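If you use the working numbering, the sequence shown corresponds to residues 375 to 777, in order.
Quick reminder that beta carbons are idealized off the backbone N, C-alpha and C, glycines included.
The model shown is predicted, which means the values in this text are computed figures rather than measured ones.
All remarks here apply to the structure that follows.
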Amino acid sequence: MKHKKFSYKSLEELKKDMELLNLNFPIDDDISVLREEVKEGDKVIPNRFVIHPMEGADANSDGTPGELTLRRYRRYAEGGAGLIWFEAVAVNESGRGNELQLYLNENTVDAFKDMVDMVRQKAKEAMGEDFSPYLVIQLTHAGRFGEKKNLLVLNELVDNAARISPDKEPMTDEELEQLENDYLKAAKLAKEAGFDAVDIKACHRYLLSENLAAHTREGKYGGSYENRTRLLKNALKKISEEVDIDLAVRLNTFDSIPYPYGWGTDKDGNEDHSEPKRLVRELEELGVKIINVSAATPYVYAHITRPYDQPGKLGYEAPEHPLIGVNRLLCLGKMIKEELKDTLVVGTGFSWLRHYAPYVAAGVVKEGWANMIGFGRQSFAYPDFARDIIEKNEMDPKKICTT
Ligand SMILES: Cc1cc2nc3c(=O)[nH]c(=O)nc-3n(C[C@H](O)[C@H](O)[C@H](O)COP(=O)(O)O)c2cc1C
């Protein structure tokens, strides 16, 4: 079945397409499970809804949150989600994606603290004095997709998308060693600003995600599995030794780029779960408390990262039915959840389902495919979706994201 614009008038119609496409992700009519608290160590996350990290490209040029950034996070806070995962924030100047990306450093930390205080206050005002959302900050280095186009290996497929010249010099091992310390420094500042957790972002082919796939790189950060996972694991180890803050990772579970340039893929670009499974088990041993599932890179395979109807001005028509994309993301979450004992898994792939998402979300939680449910585009369009589901038991079809 070819790509089709969302037009379901009932959950039954959606289920019919699932049958035609031979998809079996779980659905449950009773969505009360989504209101449940989730325990994370000695903290309590007040419900299972997560605002996914979503860059708004509205920071000030010094990296502090801009007016629109603050408005967005205020709306999320008032929207009632139990966990707000703050968008990609650069850990150093050269890792900044662009000059509208947030950047955490000694000069901006006070502005981040003010934003965190505002979010906690607004959440209480909207949801009650005892309501305290769990706050994660996503720390990133944009790598080849940043202004400086810092890359680890040359790779024709992704280099064309990022407009990188074939004679660009890869980053040195010394620069990468220093980067481990930049993550540590940023984690200390995140603690100072009042976040509950830091996410060492390893998805969408930004630097740490590219590193997981750096099979063709020489030196201590390339080639073997140990070398390709070194930077991510060293950054996590250093933080856990020195900073009293929870650890989280947003992880690509599958790049879709064929081996030897992809992670979690075979030479045809199909899923190969062996290394992602091993890595999530090791991340749990290192003390990672939450893993947020993602896949591919929006610069090359946007339909995999975020199943859509409308490609947008710069996009392409999706080569598959969006329900296949939704199913893939849900199954990747299930795949890693099965490897983990206590680490919480945040599922991804719900926005395209519109107002039917809560029923799939409830099924996913009940069947143990994920502990928490992330909404990306939906939270831009409809920041109080969680509150509506909690208080009215449904989402308002007039407010939903229709991308
Ligand atoms: C405009 C935009 C910005 C995004 N920014 C981030 C980001 O900062 N960090 C991240 O991990 N993912 C980012 N994503 C991906 C989303 O978090 C999410 O994984 C994706 O949109 C699929 O979820 P959805 O179907 O609920 O939208 C972004 C997506 C969009 C459309």
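Of the choices the options, whose alpha-carbon is the least far from that of residue i?
| i | options | result |
| --- | --- | --- |
| Arg-602 | Val-527, Glu-473, Gly-748 | Val-527 |
| Ala-365 | His-695, Arg-624, Ile-425 | In the structure displayed, the chain extends from 375 to 777; residue 365 sits before or after that span and is not available. |
| Gly-557 | Lys-612, Ala-571, Arg-448, His-677 | First, the amino acid is wrong: residue 557 is Tyr here, not Gly. When only C-alpha atoms are compared, the closest one is Lys-612. |
| Glu-452 | Val-463, Glu-543, Gly-502, Ser-598 | Gly-502 |
| Asn-701 | Ser-668, Lys-715, Glu-713, Tyr-633 | Ser-668 |
| Ile-631 | Gly-456, Ile-764, Ser-583 | Ser-583 |
| Arg-445 | Asp-541, Gly-430, Gly-454 | Gly-430 |
| Met-392 | Glu-461, Pro-696, Met-428 | Pro-696 |
| Arg-761 | Pro-420, Lys-594, Leu-388 | Pro-420 |
| Val-510 | Asp-758, Tyr-635, Gly-748 | Gly-748 |
| His-677 | Asp-642, Gly-661, Leu-395, Thr-777 | Thr-777 |
| Leu-474 | Met-769, Glu-499, Asn-434 | Asn-434 |
| Thr-639 | Arg-604, Ala-622, Ala-587 | Ala-587 |
| Ile-665 | Ala-622, Lys-594, Arg-537, Thr-679 | Ala-622 |
| Trp-459 | Glu-467, Tyr-447, Ser-468 | Tyr-447 |
| Leu-478 | Gly-568, Tyr-580, Asn-585, Gly-723 | Gly-568 |
| Glu-712 | Arg-449, Leu-606, Gly-742 | Gly-742 |
| Ala-571 | Gly-415, Asp-533, Lys-740, Pro-544 | Gly-415 |
| Lys-663 | Asp-620, Thr-679, Gly-593 | Asp-620 |
| Ala-497 | Met-769, Pro-757, Pro-771, Ala-462 | Pro-757 |
| Tyr-450 | Ile-538, Tyr-508, Tyr-580 | Tyr-508 |
| Gln-512 | Gly-661, Val-463, Gln-552, Arg-751 | Val-463 |
| Asp-504 | Glu-461, Ser-406, Val-418, Val-465 | Val-418 |
| Glu-768 | Asp-404, Glu-411, Glu-499, Arg-494 | Asp-404 |
| His-515 | Val-465, Glu-543, Lys-522 | Val-465 |
| Ser-381 | Tyr-599, Tyr-682, Leu-476, Leu-610 | Tyr-682 |
| Gly-357 | Phe-724, Asn-534, Glu-387 | Since the first residue of the chain shown is 375 and the last is 777, residue 357 is not available in this structure. |
| Asn-608 | Arg-494, Leu-553, Ser-598 | Leu-553 |
| Glu-694 | Met-545, Thr-722, Leu-395, Asp-533 | Leu-395 |
| Leu-703 | Lys-383, Tyr-690, Lys-715, Val-738 | Val-738 |
| Asp-432 | Leu-476, Lys-390, Lys-389 | Leu-476 |
| Ile-715 | Pro-544, Tyr-599, Trp-637, Glu-658 | A small fix is needed here, since residue 715 is Lys in this sequence, not Ile. Among Pro-544, Tyr-599, Trp-637, Glu-658, the Cα nearest to that of Lys-715 belongs to Glu-658. |
| Met-545 | Lys-559, Arg-537, Asn-585, Arg-494 | Asn-585 |
Return the bridge partner residues of residue i from the DSSP annotation.
| i | result |
| --- | --- |
| Lys-413 | Val-418 |
| Trp-459 | Val-510 |
| Gly-748 | Val-424 |
| Thr-482 | Partner(s): none; Thr-482 has no beta bridge. |
| Arg-624 | Asn-666 |
| Tyr-477 | Ala-464 |
| Glu-645 | Thr-639 |
| Gly-721 | Ile-747 |
| Val-527 | Answer is none; Val-527 lacks a bridge partner. |
| Ile-574 | Leu-513 |
Round the Cβ separation of residue i and residue j to the nearest angstrom and send it over; I've been treating them as touching at under 8 Å.
| i | j | result |
| --- | --- | --- |
| Gly-596 | Gly-520 | Not confirmed; about 20 Å, so no contact. |
| Leu-718 | Asn-745 | 4 Å |
| Gly-456 | Arg-422 | 6 Å |
| His-729 | Ile-764 | Rounded, the Cβ-Cβ distance is 15 Å, inconsistent with contact. |
| Asn-529 | Tyr-673 | Contact doesn't hold; Cβ gap of about 12 Å is too wide. |
| Asn-555 | Ser-468 | Not confirmed; about 14 Å, so no contact. |
| Asn-753 | Met-492 | It is Ser, not Asn, that sits at residue 753 in the sequence shown. At roughly 17 Å, the Cβ-Cβ gap does not stay under 8 Å, so Ser-753 and Met-492 are not in contact. |
| Gly-517 | Asp-547 | So it is not a contact: roughly 15 Å between Cβ atoms. |
| Leu-550 | Leu-605 | 6 Å |
| Val-412 | Lys-740 | So it is not a contact: roughly 14 Å between Cβ atoms. |
| Thr-679 | Ala-692 | Rounded, the Cβ-Cβ distance is 11 Å, inconsistent with contact. |
Subject >> the stretch 478 to 491 contacting the stretch 556 to 563, beta-carbon criterion three pairs below 8 Å >> reply: By the Cβ rule, the stretch 478 to 491 counts as touching the stretch 556 to 563, because three or more pairs are nearer than 8 Å.
Original post:
Is there contact here, the stretch 678 to 692 with the stretch 640 to 655, by at least three beta-carbon pairs under 8 Å?
Top reply: no
Original post:
Counting pairs of beta carbons, one from the stretch 432 to 448 and one from the stretch 484 to 496, are three or more of them closer than 8 Å?
Top reply: yes
**OP:** Please confirm if the stretch 566 to 579 is in contact with the stretch 651 to 668, defined as three or more CB-CB distances below 8 Å between the two stretches.
**Re:** yes
**OP:** Would you check if there are 3 or more beta carbon pairs closer than 8 Å linking the stretch 625 to 645 to the stretch 702 to 710?
**Re:** Yes: at least three Cβ pairs fall under 8 Å.
Original post:
Do the stretch 398 to 414 and the stretch 728 to 743 meet, that is, are 3 or more Cβ pairs less than 8 Å apart?
Top reply: yes
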